[in-house]
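Enquirer: First the structure, then my questions, so here it is.
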Amino acid sequence: MSDRHNKEEFAKRHFATKLLHFEGSFDEQTGASSTPIFQASTFHQSDLSQNPPYDYSRSGNPTRQALEDQIALLEGGTRGFAFASGMAAISTTFLLLSAGDHVIVTEDVYGGTYRLLTTVLNRLGMETTFVDMTDFAAVKAAYKANTKAVFIETPSNPTLKITNISEVASWAKEHNLLTILDNTFMTPYYQRPLELGVDIVVHSATKFLSGHSDVLAGLAVTADPELGRRLYQLQNGLGAVLSAHECWLLMRGIKTLQARMEHSERSARKLAEWLNEHPEVTKVYYPGLADHPGREVHEQQCSAYGAVVSFDVGSGERAKAMLGRVKLPLVAVSLGGVESILSYPAMMSHAAMPKEVRHERGITDGLVRYSVGLEHIEDLLADLDQALRG
684 MSDRHNKEEF AKRHFATKLL HFEGSFDEQT GASSTPIFQA STFHQSDLSQ
734 NPPYDYSRSG NPTRQALEDQ IALLEGGTRG FAFASGMAAI STTFLLLSAG
784 DHVIVTEDVY GGTYRLLTTV LNRLGMETTF VDMTDFAAVK AAYKANTKAV
834 FIETPSNPTL KITNISEVAS WAKEHNLLTI LDNTFMTPYY QRPLELGVDI
884 VVHSATKFLS GHSDVLAGLA VTADPELGRR LYQLQNGLGA VLSAHECWLL
934 MRGIKTLQAR MEHSERSARK LAEWLNEHPE VTKVYYPGLA DHPGREVHEQ
984 QCSAYGAVVS FDVGSGERAK AMLGRVKLPL VAVSLGGVES ILSYPAMMSH
1034 AAMPKEVRHE RGITDGLVRY SVGLEHIEDL LADLDQALRG
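Counting from 1 along the sequence shown, just add 683 to a position and that's the residue number in the numbering used here.
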């Protein structure tokens, strides 16, 4: 690392500065203000007596390396990894485990993670127990002789349940369990899992990190070098890496993360409070509400409440009617864009979860998830009011 990018100096800088200034944030050779896109599959090796830093882009690419260094810096980890999607990051991380291993997982986890565990990894001999991680006793009760890992999603998707990260991570270390946490909703700006004892953080970087609904990407960060070495072997072996161009787009999006998150989070708080008083809404899920059961724990481990609000309108018919009347937010899969996005978990993010399982976890047919974007909040409220009242 050059004098301009001294690691010790970087560690002392504020988050907003780290978003913009990192190893590879500009081109040392030309002075270009943007990370170059190395659109190359292979690299000339002029000296075969030495191992070159890059030889084949699946194994390493300078543009991807800049992104991987950036996310490691932001999460406070030792090594970062960029994948072709959030599920590629999660799938690759789970393959640190072996046949016969058992993992404890947040019960209302993202539907894609649920599908991976129940239709793919189970065929490879891995076992899963889904538990309500707001209940620490339930987490401990799920432990078995072959338990090897704990997968946490907090706030959970879409009911925004809160897990006490340090409590679970400390217990996991006592049992030599790997801890993996999906930090997609909060991002490293608001939640710092590695500092709370977690081993690996994963992201669907498609969401808030990219922020513009134009990149499909996944990221992972490891807490220690040995775990990073093992995850790199899997990344290189499986090959589900992010392309150089999408790495560049993602780095561009990350530069505005703090500004976007602060704006969206302020609006989300107003939206949640407004929905909590709306006569057409039966229940609101948001960690910032005074009556949210996980608020106290969330405030201990996060610096804000996030930009996602879920709410229940009472039935699937009412939810679909409301979604058909909104005019501002996209009605779509995904979240975390500059534009607001309304999702219907029963038919979108959690469609892979059987209906009875969804309902057991509080993911009803009347539940919708609102990812608040950068529009003016008064316009969003007026639009949602007309859609709810019909």
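The C-beta atom is built at its ideal place from N, Cα and C for all residues, glycine as well.
Remember, it's a predicted structure, so these values are computed and weren't measured experimentally.
#1: For residue 991, which option in 703, 766, 1064 and 1055 has the closest C-alpha, if you only look at C-alpha atoms?
#2: Please determine if the stretch 867 to 875 and the stretch 996 to 1003 are in contact, where contact requires at least 3 C-beta pairs separated by less than 8 Å.
#3: Please list the segments of the beta strand (DSSP E) lying wholly inside the stretch 797 to 856, counting only runs of 3 or more residues, in order along the chain.
#4: Based on DSSP bridge pairs, tell me the residues matched to residue 762.
#5: Report back the beta-carbon spacing between residue 1057 and residue 946 to the nearest angstrom; my notes put them in contact at under 8 Å.
#6: List the endpoints of the continuous beta strand (DSSP E) containing residue 1024.
#7: Assuming residue 937 is part of the beta strand (DSSP E), what are its boundary residues?
#8: Residue 826 to residue 1061, Cα distance in whole Å?
#9: Roughly how many angstroms separate the alpha carbons of residue 859 and residue 713, rounded to a whole number?
#10: If contacts are defined as beta-carbon pairs under 8 Å, then residue 927 and residue 741 qualify, I think. What distance do you get, rounded to the angstrom?
#11: Spell out a yes or no on whether the stretch 889 to 897 and the stretch 1006 to 1020 are touching, meaning 3 or more CB-CB pairs, one atom from each, closer than 8 Å.
#12: How big is the Cα-Cα spacing for residue 1031 and residue 1044?
#13: Under a three-way DSSP split, which group does residue 705 fall into?
#14: Could you name the residues of the same chain whose beta carbon sits closer than 6 Å to that of residue 730, not counting the 5 residues immediately before and after it, in chain order?
#15: Determine the burial state of residue 805: buried for a count of at least 16 other Cβ atoms within 10 Å of its Cβ, exposed for fewer.
#16: Quick check on this structure: which residue in 820, 824 and 884 has the alpha carbon closest to the alpha carbon of residue 834?
#17: Report the residue from 1065, 920, 832 and 760 whose alpha carbon sits nearest the alpha carbon of residue 908.
#18: In this structure, how does DSSP classify residue 1070 when only helix, strand and coil are distinguished?
#19: For residue 658, does the count of other Cβ atoms within 10 angstroms reach 16, so buried, or fall short, so exposed?
#20: Got a sec, what are the start and stop residues for the alpha helix (DSSP H) residue 1042 sits in?
#21: So what does DSSP say about residue 1046, is it helix, strand or coil?
Expert: With the given structure in hand:
#1: Within the sequence shown, the letter at position 308 stands for residue 991. Checked all of 703, 766, 1064 and 1055; the closest Cα to residue 991 is 1055.
#2: At 8 Å Cβ cutoff, the stretches do not touch.
#3: Entirely contained in the stretch 797 to 856, the beta strand (DSSP E) runs reaching 3 residues are, in chain order, 810 to 814 and 830 to 836.
#4: Here residue 762 is taken as the residue at index 79 of the sequence shown, counted from 1. DSSP lists 905 as partners of residue 762.
#5: Mapped onto the sequence shown, residue 1057 falls at position 374. Mapped onto the sequence shown, residue 946 falls at position 263. The beta-carbon distance between residue 1057 and residue 946, rounded to whole angstroms, is 6 Å. This is short enough to meet the 8 Å contact definition.
#6: To locate residue 1024, count along the sequence shown from 1; it is residue 341. Residue 1024: member of the beta strand (DSSP E) spanning 1024 to 1026, first to last residue.
#7: If you number the sequence shown from 1, residue 937 lands on position 254. Note, residue 937: premise wrong, no beta strand (DSSP E); alpha helix (DSSP H) at 927 to 937.
#8: If you number the sequence shown from 1, residue 826 lands on position 143. If you number the sequence shown from 1, residue 1061 lands on position 378. When rounded, the distance between both Cα atoms is 48 Å.
#9: Against the sequence shown, residue 859 aligns to sequence position 176. Against the sequence shown, residue 713 aligns to sequence position 30. About 47 Å.
#10: Numbered from 1 along the sequence shown, position 244 holds the residue referred to as residue 927. Numbered from 1 along the sequence shown, position 58 holds the residue referred to as residue 741. With 8 Å as the limit, residue 927 and residue 741 do not qualify as a contact, their Cβ atoms being about 12 Å apart.
#11: yes
#12: Taking the first residue of the sequence shown as 1, we reach residue 1031 at position 348. Taking the first residue of the sequence shown as 1, we reach residue 1044 at position 361. When rounded, the distance between both Cα atoms is 16 Å.
#13: Your numbering for residue 705 matches position 22 in the sequence shown. Note: residue 705 maps to coil in three-state DSSP.
#14: Within the sequence shown, residue 730 is the residue found at index 47, counting from 1. Once the five neighbours on either side are set aside, residue 730 has no close Cβ partner at all.
#15: Within the sequence shown, the letter at position 122 stands for residue 805. Residue 805 comes out exposed.
#16: Reading the sequence shown from its first residue, position 151 is the one you call residue 834. For residue 834, the nearest C-alpha among the options comes from 884.
#17: Walking along the sequence shown from the start, residue 908 turns up at place 225. Nearest option by C-alpha distance: 760.
#18: Reading the sequence shown from its first residue, position 387 is the one you call residue 1070. Reduced to three states, the DSSP call for residue 1070 is helix.
#19: Outside the displayed range of the chain (684 to 1073) lies residue 658, so it cannot be described from this structure.
#20: Reading the sequence shown from its first residue, position 359 is the one you call residue 1042. Where residue 1042 is concerned, the enclosing alpha helix (DSSP H) stretches over 1038 to 1043.
#21: Locating residue 1046 in the sequence shown gives position 363, counting from the first residue. Coil at residue 1046, not helix or strand.
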